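Residue 1487 is where the sequence shown starts when you use this note's numbering, and the numbers rise one by one after that.
Glycine included, every Cβ here is placed at the ideal spot set by N, Cα and C.
The structure displayed is predicted, hence computed values, not measured ones.
To start, the structure under review is shown below, and the notes come after it.
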Amino acid sequence: MNTTNIREENRQERFARKKKETRFYVFRVMTTPIYLIPSVIVYFSSFLLWIYDLRGSSYYHLLQPIVELNISILGLFIIVSSANIPFVTSFTRSLLKILLTGWVVILIQFSKLDQLDQSVWIVLSGFAFIYLEVLFDINDCLQKVKEFQFKKVRFFNGSFIKSHSIPITIVAVAVINLILSYFISDLLKSIA
């Protein structure tokens, strides 16, 4: 009789634990878009400074492919990171390293495109690879944050950072874009 009660308690405890985990997962899935949408808006707003700085220059026509490329990179990052499967992340990173730094460069060099078009394609493939790597690297760092707790801001702790690493990563890269926009404007002023 005593072992039956222990088994029953274990079943009840397991059921309660699984129910709690399921609620947490469903809550996380439901709240992720709430944090993801503003971070994506901040990310694309950071490109407004690039557009403002490059307006009227000879490089302005390059912004459309860069912004389109960033939309694809960001979408790929969100999809791969949301899966939260380390093998998928590693495989995607390795595939893109080989594809963008090796094959695309070789195929473009031997294509019949003129020199300017070849240069643009090579620069854009490098740009895509670097931005995707930075997104994955920052996300990996945020996933490795140790547990901590701020006393004044109760919700801001290690588990918050881990569970919201994708939006935080996107905002961090947006900040990097904002910083780079000042360097771009200074560089354009010195070239002109």
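(Q) For the segment 1610 to 1628 against the segment 1579 to 1588, do three or more pairs of beta-carbon atoms, one drawn from each stretch, fall closer than 8 angstroms, so that the two count as touching? (A) Yes, the segment 1610 to 1628 is in contact with the segment 1579 to 1588.
Q) Hey, quick one: how far does the alpha helix (DSSP H) through ASP1603 stretch, first residue to last? A) Per DSSP, ASP1603 belongs to the alpha helix (DSSP H) from 1601 to 1629.
Q | Spatial distance of ASN1663 from HIS1650 (CA atoms) | A | When rounded, the distance between both Cα atoms is 20 angstroms.
Q: Look up ASN1570 in the DSSP assignment and give the residues it is bridged to.
A: ASN1570 pairs with nothing; no bridge assigned.
Q. Does the beta-carbon distance from LEU1610 to PRO1519 come in below 8 angstroms?
A. Contact: no.
Q | Spatial distance of MET1487 from PHE1563 (CA atoms) | A | Residue placement at MET1487 is poorly supported in this model, since its pLDDT is 48, which falls under 50; the coordinates are not used for a value here.
Q) Which same chain residues, not among the five before or five after LEU1535, have their C-beta less than 7 angstroms away from its C-beta? A) If we look at LEU1535 and ignore the five residues flanking it on each side, its Cβ neighbours are LEU1664, SER1667.
**Q.** Alpha-carbon to alpha-carbon, ASN1570 and PHE1615
**A.** Rounded to the nearest angstrom, the two C-alpha atoms are 20 angstroms apart.
Q: For the alpha helix (DSSP H) containing LYS1638, list its first residue and its last residue.
A: If you look at LYS1638, you'll find it isn't in any alpha helix (DSSP H); DSSP assigns it neither H nor E.
Q.
Under 8 angstroms, with one C-beta from each stretch per pair, do the segment 1643 to 1661 and the segment 1526 to 1533 reach the 3-pair mark?
A. With the cut-off at 8 angstroms, the segment 1643 to 1661 and the segment 1526 to 1533 touch.
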